[in-house]
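Protein chains in written order, with this note's numbering: chain G, 5 to 571; chain B, 5 to 571.
Don't be surprised by glycine CBs; every beta carbon is placed ideally from N, CA and C.
Notes to accompany the following structure.
Protein chains: 2
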Amino acid sequence: MTTKDEEEPRISSLPPVSRPSMVAGHRRLSIWSSMTGGPASLDPACNWSSLVSALVALNTLLLGCAMVSASVFNTVSITSTHLQLYLITIMILSTCWMLYYTLYTVREHCAVLYKDGHAGPIWLRGGLILFGLCSIIMDIFKIANYVGYLHCDSPVKIVFPIVQAVFILVQSYFLWLHAKDCVQLQRNVTRGGLMLTLSTNLMLWMTAVTEESLHQTVLPQSNGSKASHRTAMRVGPMDDCECSHSACSIFEQASNYLYPFNIEYSLFASAMTYVMWKNVGRLVDGCHHHRLRFHLRDVLLGPISGLLVLVAGLVTFIMYKVDVQDKDPAKRDLALRMHYIMNSLAYVLMSAATVAGWVLFGLDRREYVSGKNPTRSLDVGLLLGASMGQFAICYFTIVAVVATGVQSEVDALNLASALLAIVQLCLQNGFIVEGLHRLPHEPTPAQTNAAPELYANVHATRSHSDSELDIKPDPIRISTVSQSHHCPTRLCWKRRALKEVCAYLMLCNITLWIMPAFGARPQFENPHGLNFYQVYMWVAVMNIGLPFSIFYRMHSVAGLFEVYVTS
Amino acid sequence: MTTKDEEEPRISSLPPVSRPSMVAGHRRLSIWSSMTGGPASLDPACNWSSLVSALVALNTLLLGCAMVSASVFNTVSITSTHLQLYLITIMILSTCWMLYYTLYTVREHCAVLYKDGHAGPIWLRGGLILFGLCSIIMDIFKIANYVGYLHCDSPVKIVFPIVQAVFILVQSYFLWLHAKDCVQLQRNVTRGGLMLTLSTNLMLWMTAVTEESLHQTVLPQSNGSKASHRTAMRVGPMDDCECSHSACSIFEQASNYLYPFNIEYSLFASAMTYVMWKNVGRLVDGCHHHRLRFHLRDVLLGPISGLLVLVAGLVTFIMYKVDVQDKDPAKRDLALRMHYIMNSLAYVLMSAATVAGWVLFGLDRREYVSGKNPTRSLDVGLLLGASMGQFAICYFTIVAVVATGVQSEVDALNLASALLAIVQLCLQNGFIVEGLHRLPHEPTPAQTNAAPELYANVHATRSHSDSELDIKPDPIRISTVSQSHHCPTRLCWKRRALKEVCAYLMLCNITLWIMPAFGARPQFENPHGLNFYQVYMWVAVMNIGLPFSIFYRMHSVAGLFEVYVTS
């Protein structure tokens, strides 16, 4: 105890760490964190720079919000060019900062001392690269299209997709490399930069959603007539301006199809930048990461039935896409009916499996992970937040169908599938959250004896960190004592059954992800919602809800994967 | 160490605490929290019931959201009666739960062991009672009005204000008594109940905002004609239904004036319920609360100049209200000009004072409060969140004025005052957050010697809680050692100057609160925004932004008060 009591007065008056030489810096950081007894997020400079960066984001977003509103409601004063200029400015600033950060990290030896193993998982980074690729292709199509209009339209129109492509390229590279970083040097600048990048992504998302909605509402209304709505990002025919090459309309069509991927890309990048921002200054204890491996040994029923659902889903999806294109209303009705039946069945089976998983959790008396884990809380928050999209779609559908009364079989199926989706979402959210909070099983029976030892070690570390200066500031305490029911050679039936459930749910979620991601839009093909809420409202709700619901399905696959591996 | 190591395996398998007998319960709680080494929010049952209650709120809100949208966009299928029935149901459920909680707490001896001193401060509870009173009066007017329509309209119309009045009565009583509670018994039920109450308040807020917007957009358009929009809460003339008594129109007018207070009431109640929800299961260490007293000794310049601003503000406000009623556009222009000049001046003076405060913070080398404090984080979050309202109004104004170009003196003043408001908001947010994170000065010189003792005590407690079972689980560690620059008899000039700045800013914020709270709406009286963004958009932004900006001014007065007292 004496060591600390003597040290504290001297050290507490140190200035906040900004760019110390590496050895001293590392030591000072550890001192700081062991002093405050927790992660570095408690130091005053952190509060201060968090506030400033939050204010930066707030101002960027609200100014952007006002400009987007103005560009929609007052197309004369604020044209799409103004909005594009604003977006170009913030994209260039973010790109510069990301390049600066990357270069700085490469040049500085040991610039990143801590990495958060939970942040930026492979599915998120993989999705980011995939959607980023689609977005860049979209931008190339846009550039090709606008080249045709260059003689009679603003050059900003062609600069915008170029800057956006560069931004996406740099950002994907940046996030691929640095998503796990817990930045310790230049924290203030990094917080500001990350918040700027976050608000740039949110602005691009907001603009894209608004324009997708306008595209879906304005274009159908002006069908046949020459009137069109010029928007900031959308490729569209301009008044009195003819394209100089013949491929314009092809490029335009193609880039319109790639639009939803761009919306999804902005969502992914926002989530990852936010996690990085939260991790700035965090000192993560790297030692509590079990290297758990994924293998399909011992599970059979789950993957097989999951694959059956996947195949059934793919078949109905293809049939749906073919039928729904048909002009014949009877065929479209058939397609919708099939889609709703398929979805309802999937929801029922998934709910049943989740309930079984619940029962298994009840029987499996594994301990809970204690100790705070910001990344886990964030993960749970993102899961719940993303599920709001699907919830909103369901409730809007239910209200519409119930209010007008069930008039046809399609209505009844629509209602049933919305209700079942809500049940399934609630159960699955609970299941994943419960699973993430359980302590992982020990990976191999050979480590059975290691548990009490680990326990003792953790305690040794703690008492150490209380009495001395220590570099492990945030030990996640694991109470692994009562965890002694291993099955020596094979997995015991409870664990096996839990793995079956997880594998099954994973494949079902992939099925439910594929359908909206690749263009099944029963919400628009069934005219009920459009007629009930009027076009603007319905399109707005769907364009905000659908990307979130796609994100949710991917996120829950990742969550279920983690539950699978740890159980 | 041995005590804990032996205790833990046995205790960690205990079921989550739900309704233990009090002595055993208290002991078990302390064991739990000392085991997990922090607040009780880390126990698994907490995660679980938080999730369930969050899902309850999510579902209630999204269903409500869909109903509100439907009642706006499809008045035929979802009438105001449907929406009112939904609101009545959730209000009755919330009221029942609040009554149950109150009765349960009264009957159970020592039901509430911990109170959070920061939660539910007097200004928030006072504001709640004030706005609640106005809301109840509004409900009485509504009832009186609807009695006249009873013979030809749905009786639900009269049941709604009755239920709402009872709900407001019960909720105000409940929050007045229990806002500080850190509930430990029946945590799951309490979390669910609080989230239901929170979503009820948010639903009432959402409905009120929507209807206020409709009232401001539909009524001006249907001026003169008989057409009107029937909405759920708003008193309004009904088609083909004549009032049976003569006072109808008076009651209608009167209740319309009280509407903004009802919106404000819902916001206050939501904030307080959210804080209570966050505090469920928290074990607060009561001993770190210095009883700091408020006195105006040693300060003079700040209060006097603040009072001058207040008087000037009141005078211009009254003149504004008189002039703006005038039909003469020249007089209205004069009123607006005066209002903008007054506001701009106030912003400039406040910004200057805040910068001075910043400099004083730099000179004053007080320590920062270390350790996590959820209430403080929440306070800062609420402050930043509420300031978004004013930020949004400012940015929408700036975009509108800049896009159309400054065409008159009023435009220039409008733009200047919006820009200055943004500067002032950023500076003031930073100032308050910085002030709240500084350690309080010792209240009296007599306690100068107490500091090292306190320090030693805190450490004794900590080492104790690590080795033994202890009932103080979350001691906020205060490093008070280097805090030894007291002025023996009088306050030193730095502290005095800081108090002057705080007092001045408090009075200025009160001035800026009074004007919008009592009906200065230059955003509507100046037609610029309405014309630029079209009526719907502008009214929606203002009706969401203004209540938040009023809330922000009150909240910052409270924050400044705390900074005044601690410096």
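For residue i and chain B, any beta-carbon pair shorter than 7 Å?
i, result
"G:Ser309", "no"
"G:His441", "yes"
"G:Ile92", "no"
"G:Phe171", "no"
"G:Ala407", "yes"
"G:Phe77", "yes"
"G:Asn51", "yes"
Could you work out which residue in the options is closest to residue i when comparing CA atoms only?
i, options, result
"G:Thr401", "G:Leu132, G:Trp127, G:Leu424, G:Ala275", "G:Leu424"
"G:Met510", "G:Leu419, G:Val313, G:Asn547", "G:Val313"
"G:Glu504", "G:Ser274, G:Arg336, G:Gly306", "G:Gly306"
"B:Asn51", "G:His86, G:Pro526, G:Arg442", "G:Arg442"
"B:Lys146", "B:Val187, B:Lys325, B:Val543, B:Glu256", "B:Glu256"
"B:Glu215", "B:Thr106, B:Ser75, B:Ala420", "B:Ser75"
"G:Ala390", "G:Phe522, G:Met558, G:Phe365", "G:Met558"
"B:Leu304", "B:Asn433, B:Met280, B:Leu502", "B:Leu502"
"G:Met199", "G:Asn535, G:Cys430, G:Val414, G:Trp281", "G:Trp281"
"G:Ile126", "G:Phe272, G:Cys247, G:Phe552, G:Cys114", "G:Phe272"
"G:Ile345", "G:Cys398, G:Gln538, G:Gly439, G:Ala420", "G:Ala420"
"B:Val4", "B:Ala115, B:Asp244, B:Asn149", "Residue 4 of chain B lies beyond the range of chain B shown here (5 to 571); nothing can be said about it."
"B:His122", "B:Ala404, B:Thr221, B:Ala507, B:Asp185", "B:Asp185"
"B:Thr320", "B:Pro520, B:Arg369, B:Val72", "B:Pro520"
"G:Val151", "G:Gly361, G:Ala251, G:His113", "G:Ala251"
"B:Ala396", "B:Asn433, B:Val279, B:Ile548", "B:Ile548"
Which residues bound the alpha helix (DSSP H) around residue i?
i, result
"G:Cys252", "252 to 261"
"G:Gly523", "Looking at the DSSP string, G:Gly523 is not in any alpha helix (DSSP H), and its letter there is neither H nor E."
"G:Thr93", "84 to 111"
"B:Pro165", "160 to 182"
"G:Glu438", "413 to 441"
"B:Thr320", "305 to 328"
"G:Ser355", "333 to 367"
"G:Leu128", "126 to 151"
"B:Val567", "539 to 570"
Is the CB of residue i under 7 Å away from at least one CB in chain G?
i, result
"B:Cys430", "yes"
"B:Ser575", "Because chain B here runs from 5 to 571, residue 575 of chain B falls outside it and cannot be looked at."
"B:Ala524", "no"
"B:Val284", "no"
"B:Val567", "no"
"B:Val403", "yes"
If we count the other Cβ atoms within 10 Å of its Cβ and call it buried at 16 or more, is residue i buried or exposed?
i, result
"B:Thr93", "exposed"
"G:Trp497", "exposed"
"G:Ile267", "buried"
"G:Tyr118", "buried"
"G:Phe164", "buried"
"G:Ala562", "buried"
"B:Cys512", "buried"
"B:Asp302", "exposed"
"G:Glu566", "buried"
"G:His532", "buried"
"B:His107", "In the sequence as presented, His is not what sits at residue 107 of chain B; that position holds Leu. It is exposed - the Cβ of B:Leu107 has fewer than 16 other Cβ atoms within 10 Å."
For the stretch 412 to 436 of chain B, which residues have a CB atom closer than 8 Å to at least one CB atom of chain G, in sequence order?
-> Ile426, Cys430, Asn433, Gly434
Name the residues in the stretch 531 to 556 of chain B whose C-beta lies less than 7 Å from a C-beta of chain G; which are they?
-> Phe536, Tyr537, Gln538, Met541
What residues in the stretch 53 to 73 of chain G have a beta carbon less than 8 Å from any beta carbon of chain B?
-> Leu55, Val56, Ala58, Leu59, Leu62, Asn63, Leu66, Leu67, Cys69, Ala70, Met71, Ser73
Scan the stretch 183 to 214 of chain G for residues whose Cβ lies nearer than 8 Å to a Cβ of chain B and list them as they occur along the chain.
-> none
Quick one: which residues of the stretch 378 to 399 of chain G get their C-beta closer than 7 Å to a C-beta of chain B? List them in chain order.
-> Leu388, Met392, Phe395, Ala396, Tyr399
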